[in-house]
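Engineer:
Protein chains in written order, with my numbering: chain A, 104 to 449; chain B, 104 to 449.
Next up, the structure:
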């Protein structure tokens, strides 16, 4: 199944917190449950939480007892505010919410039922488009991978981070499907271990050769000539090409440049935020200290230890070789290329 | 107590694998148990394993049933070989073993008992000197820390990594004791989490302000101006100043240089290995995959996942601002300074 699906008033998603030990499907009928699932990371990955937010608004519309268009809109705006504040860094969340609200606002139907129908259809379109966009992006990016390459990746950017197929991992899948021999170094990605738990699981299922490493080992591999390409995703790309992505991405970009290794971010144009001139304006989410102090129920640090736990970092555009989107690969200077790519889809 | 102590034919050490949850003292009377304790990391840290190896040979001498000087020497050489192969990267291990064997060889005593006595005394001297050397090193390094500094450190380089007091953490302790206000960013240091488990525990006991971070967050802190100084230890320093240290050190050095932050390695001259022209000749230990795939008994990756788990990396000397030793701080060009410092102690 897809990472997230709509089925007649029910939103189903994989509970990614339980992978790889358990493959559990959860289902929700209330947008507040979807908001909680995003916040608690049942579902994560910028494109996936965009789709989840859209389905959340579809649930809200369907469950609304409003009798007028104005009342439905008020309900939707309240739900959008709740969904919006779940996670601050990935722009796909607000992008999807805005697209859904736009659909509701422009609906000229006075019938509430027709608005509901339009919103469910729009959420489904957002989900379907994500899969299609990922495949175009993957086809564009696959040309970066040569036969025999060792590709290093961070966090999870696969089917689980999207509705299906993936961003950076989608590129890797496509190159593999094209018959290129490749091997993937998978950063475990502390603190939440999305690499160890999710990316390793996906790559093993796809039968793509891979090796798991502690995040600390990435530099050693690059310095000793064992990495040909670094591919990561993105949670928000500013107008100048600065990339916000999972914490630890910045160090990979610096190490890649230091060792002459190309570093690409792979993301749909929905991740580009032209309203922010640079990455300095991107809000970096800080998450609970227990993500660092505990693995499951096991404590790994002294009780009461102070913790700083930023979930993302910003990679300044000067370290980024290129940004792979469904509209093509954008190279420096990024600003005009990002405007063009964004313009092509809006 | 000290990290490791000799008490009338018994070697006692803290079982560091159990910290911070449990403070357990183990004791050994056979050098093979000491070898196992080093290999399984009951005790770790280059200076501490040097002392452990020395006490191991003292146990061997004491337990030997040899009747002649030649037979004792043969026993000691066999024990030294066993102790030597426990861990390949830290040179302090072979340094201490060589110093002990030298003592045995030069002993003109025909009485086996006198050789035993000489070896026990030499092991005790190695341990005592380590504490004294650490305090001199700490006094030298403390001048690098200015009032109000944020210092970032990696792995554990404190009392637990040495016989007592510490190397990089010793510098931090001395600056703190001098009344300087400082704050320490502690890398958790995957895969074995020596930062989260040991450094956090030590700093909390010393009442030194600290914050624990995932290793991935170090770059973000440096880029956003929240780190004034990086202090790490060393497991082996080559003749040209290349530093082998805990995996993840190299990335810190690159990130520090990229952000204009000084990066120092703190180590006794016993860690300097003039026999190796550069870091490329240093053997990098690879440890078991379960260090990456499991935290205690908890699996965090799919079963059967391939893992690469190097325990150390090499930081080329061009990224190293200086090397703090008990003989003073050595600056580039490192080769003459390292020779001088090593010469002063040999």
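Every residue, glycine too, gets a C-beta built ideally from N, C-alpha and C. All values reported here derive from a predicted model rather than from experimental measurement.
(1) Using 8 Å as the limit for Cβ to Cβ distance, is residue 187(B) near chain A?
(2) Can you name the residues that DSSP bridges to residue 131(A)?
(3) Give me the Cβ distance between residue 418(B) and residue 263(B), rounded to the nearest whole Å; I'm assuming they're in contact under 8 Å.
(4) Residue range of the alpha helix (DSSP H) that residue 320(A) falls in?
(5) How is residue 416(A) classed by DSSP in three states: helix, strand or coil?
(6) Whole-angstrom Cβ separation of residue 314(B) and residue 351(B), contact assumed at under 8 Å?
(7) Using a Cβ cut-off of 8 Å, pull out every chain B residue sitting near residue 126(A), in sequence order please.
(8) Note down, in chain order, all residues in the stretch 290-303 of chain A with a beta-carbon under 8 Å from any beta-carbon belonging to chain B.
(9) Can you find a C-beta in chain A that's less than 8 Å from the C-beta of residue 399(B)?
(10) Measure the beta-carbon distance from residue 134(A) to residue 176(A) and round it to whole angstroms, keeping in mind my assumption that it falls under 8 Å.
(11) So which of 115(A), 123(A) and 174(A) has the shortest CA-CA distance to residue 297(A)?
(12) In angstroms, rounded to a whole number, what distance separates the CA positions of residue 420(B) and residue 380(B)?
(13) Provide the residue span of the alpha helix (DSSP H) that contains residue 408(B), from first to last.
(14) Would you say residue 409(B) reaches chain A, if we count a Cβ-Cβ gap shorter than 8 Å as a contact?
(15) With a threshold of 8 Å between beta-carbons, can residue 307(A) be considered close to chain B, or not?
(16) Which residues in the same chain as residue 367(A) place their Cβ atom closer than 6 Å to its Cβ, once the five residues preceding and following it in sequence are excluded?
(17) Mapping DSSP to helix, strand and coil, what is residue 267(A)?
(18) Taking residue 387(A) as part of the alpha helix (DSSP H), name the residues at either end of that continuous run.
(19) To which residues does DSSP link residue 368(B) through a beta bridge?
(20) What is the DSSP secondary structure of residue 431(B), reduced to helix, strand or coil?
(21) Near residue 120(A), what residues of its chain come up, given a Cβ to Cβ distance below 8 Å and the 5 sequence neighbours on each side ignored?
(22) Given a limit of 8 Å on CB to CB distance, which residues of the stretch 164-178 of chain B reach chain A?
(23) Could you check if residue 171(B) is buried or exposed, using at least 16 other CB atoms within 10 Å of its CB as the buried criterion?
(24) Taking the DSSP output, what are the residues bridged to residue 347(A)?
(25) Going by Cα to Cα distance, which pick from 141(A), 116(A) and 232(A) is closest to residue 130(A)?
(26) Select from 346(A), 365(A), 356(A) and 310(A) the residue whose C-alpha is nearest the C-alpha of residue 331(A).
(27) So which residues on chain B does residue 322(A) lean against when the C-beta distance must stay under 8 Å?
(28) Out of 409(B), 412(B) and 341(B), state which residue places its alpha-carbon closest to the alpha-carbon of residue 377(B).
(29) Among residues of its own chain, excluding the 5 on either side of residue 422(A), which ones have a beta-carbon nearer than 8 Å to its beta-carbon?
(30) At a CB-CB cut-off below 7 Å, which residues of chain A make contact with residue 318(B)?
(31) Going along the chain, which residues of its own chain have a beta-carbon closer than 7 Å to the beta-carbon of residue 415(B), five neighbours each way excluded?
(32) Residues of chain B with a CB under 9 Å from the CB of residue 313(A): which are they?
(33) Rank 328(B), 343(B) and 114(B) by C-alpha distance to the C-alpha of residue 151(B) and give the top, closest one.
(34) What residue range is occupied by the uninterrupted alpha helix (DSSP H) comprising residue 220(A)?
(35) For a contact defined as C-beta to C-beta under 7 Å, what are the partners of residue 193(B) on chain A?
(36) Verify the CB distance criterion: does residue 107(B) have a CB-CB separation below 8 Å to chain A?
Structural biologist: A quick look at the data gives this:
(1) When Cβ-Cβ separations below 8 Å define contact, residue 187(B) makes no contact with chain A.
(2) DSSP, once it has assigned bridges, lists 114(A) as partnering residue 131(A).
(3) Between residue 418(B) and residue 263(B) a beta carbon distance of about 22 Å is seen, past the 8 Å cut, so the two are scored as non-contacting.
(4) First-last for residue 320(A): undefined, no H or E at that position.
(5) Under the three-state reduction of DSSP, residue 416(A) is assigned to strand.
(6) No, residue 314(B) and residue 351(B) are not in contact; Cβ-Cβ is about 17 Å, not under 8 Å.
(7) Within chain B, no residue comes near residue 126(A); the closest Cβ sits about 11 Å away, beyond 8 Å.
(8) Sequence-ordered contacts of the stretch 290-303 of chain A with chain B read 291, 292, 293, 294, 296, 299, 300 and 303 [C-beta pairs closer than 8 Å].
(9) Put simply, the CB of residue 399(B) is near chain A, with a gap under 8 Å to one of its CB atoms.
(10) Taking the Cβ atoms as the reference, residue 134(A) lies roughly 15 Å from residue 176(A), outside the contact range of under 8 Å.
(11) Checked all of 115(A), 123(A) and 174(A); the closest Cα to residue 297(A) is 123(A).
(12) Rounded to whole angstroms, residue 420(B) to residue 380(B) spans 12 Å at the Cα level.
(13) No residue range can be given for residue 408(B), since it is assigned to no alpha helix (DSSP H) and is classified by DSSP as neither H nor E.
(14) Residue 409(B) belongs to the set of residues whose beta carbon lies under 8 Å from a beta carbon in chain A.
(15) At least one chain B Cβ lies under 8 Å of residue 307(A).
(16) Correct list, in chain order: 334, 424, 425 and 427.
(17) If DSSP states are grouped into helix, strand and coil, residue 267(A) belongs with coil.
(18) Unbroken run through residue 387(A): none, as it is neither H nor E.
(19) Beta-bridge pairing links residue 368(B) to 335(B) and 426(B).
(20) Residue 431(B): strand per DSSP, three-state reduction.
(21) Within the same chain, residue 120(A) has close Cβ partners 143, 144 and 145.
(22) Residues of the stretch 164-178 of chain B with a C-beta less than 8 Å from any C-beta of chain A: none at all.
(23) Its Cβ having fewer than 16 others within 10 Å, residue 171(B) is exposed.
(24) Under DSSP, residue 347(A) takes part in a beta bridge, and its partners are 339(A) and 417(A).
(25) Answer by Cα proximity: 116(A).
(26) Considering only alpha carbons, the answer is 365(A).
(27) By Cβ distance, chain B contributes 351, 353, 354, 357 and 416.
(28) If we check each option's Cα against that of residue 377(B), 341(B) comes out closest.
(29) Same-chain partners within the cutoff: 353, 356, 357, 359, 360 and 366.
(30) For residue 318(B), the C-beta contacts it makes with chain A under 7 Å involve 293, 318 and 319, in order along the chain.
(31) The residues are 192, 338, 347, 348, 349, 350, 387 and 388.
(32) In chain order: 408 and 409.
(33) Taking only the C-alpha atoms, the option nearest residue 151(B) is 114(B).
(34) Residue 220(A) -> alpha helix (DSSP H) spans 215-245.
(35) Under a criterion of Cβ atoms nearer than 7 Å, no residue of chain A is adjacent to residue 193(B); the nearest Cβ is some 17 Å distant.
(36) Using a CB distance cut-off of 8 Å, residue 107(B) does not count as an interface residue toward chain A.
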